[in-house]
Each structure stands twice: as structure tokens, then as C-alpha cells.
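Heads up: the sequence shown is residues 155 to 290, going by the numbering used here.
Worksheet for the structure shown next.
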Amino acid sequence: MTVRDALNRGYNLVGTAIIAISGLAFFPEFFAEDEPAHKFDEGVLLLLAIGSIVWYLVGKNRFSRTIIPMLFTAAALVMKLLTLFLLEKGDAADLGDEFSTIILYVITLAFLIWQYVSIKRMAQAAKIETAEALPV
Numbered sequence: 155m156t157v158r159d160a161l162n163r164g165y166n167l168v169g170t171a172i173i174a175i176s177g178l179a180f181f182p183e184f185f186a187e188d189e190p191a192h193k194f195d196e197g198v199l200l201l202l203a204i205g206s207i208v209w210y211l212v213g214k215n216r217f218s219r220t221i222i223p224m225l226f227t228a229a230a231l232v233m234k235l236l237t238l239f240l241l242e243k244g245d246a247a248d249l250g251d252e253f254s255t256i257i258l259y260v261i262t263l264a265f266l267i268w269q270y271v272s273i274k275r276m277a278q279a280a281k282i283e284t285a286e287a288l289p290v
């Protein structure tokens, strides 16, 4: 495994893990909700969790430099924003968990963007350091 593969795998794992853990953690709320519209977001988050795990495990996706983890995170963020402003609007009791989830996805998305941009530079720096450390 190359340094670039290891960096890409770490980036993809972080994005996948956060979406998977949050989707699975919020799914029990599905059974506590009383209206179908209120159950919708937890169902979508579960599907995103399953989708991200499957994507990560299939083929060599985990080693690729891709924006897919950002897309899963953005989809989860959009779902929670739709929930906040449309699906559960006016129901103060149901809105409580939306704020912390939105913060989680915003921070995750910012981190993934930063990591995606930085990986290429980090891989090049590691390649130079490795070349300097090897005797010629």
C-alpha cells in the first residue's frame, strides 16, 4: 500500500464511519416518532449509512481519491435541513435532535473538504521525505 492509498483510505473511512455511526445511532428515533413525515429523515439517514458502508467495502473504493464521502455527508446534511425547515417545522418537541445533528454534519463536511484538499499535498510531502530517507 502506498502512502497515497493509506491517506485516501483514512479519508474515506472517516467520512463513511461518521455517516454510518450517525445513521445507525439515530435510527431508533424512527420507532419513537408518531408521524410518517417525522420518520422519513431517520429512514433516509439509515439508507445513507448502509449505502456508505457498502460503497466503502465494494472493490477498491476505500483507496480512491473521491468526493463520495462528502456527497454522503452533504446528503445527510440536506436531509436534516429539510427536516428542520419543512418536515418537523412547528413541532418544538421533535426539533431538538436536529440542531446537534446539523452541527455534526457541517463539521464533518468541513473536515472532509479540508482533508480532501490536503491529501495530495501530504502524499507529495511523504514521497519527498521517503526519497530523502533512502540512501542513494
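Glycine included, every Cβ here is placed at the ideal spot set by N, Cα and C.
C-alpha distance - L161 paired with V208, whole-angstrom precision: 20 Å
Grouping DSSP H, G and I as helix and E and B as strand, with all else coil, what is K214? coil
Can you give the beta carbon distance from F226 to L200, rounded, assuming they're within the 8 Å contact cut? Incorrect: roughly 13 Å between the Cβ atoms, too far for contact.
Quick check on M155: does DSSP put it in helix, strand or coil? coil
Nearest to T220 (by Cα), restricted to the options D159, M155, L240, H192: D159
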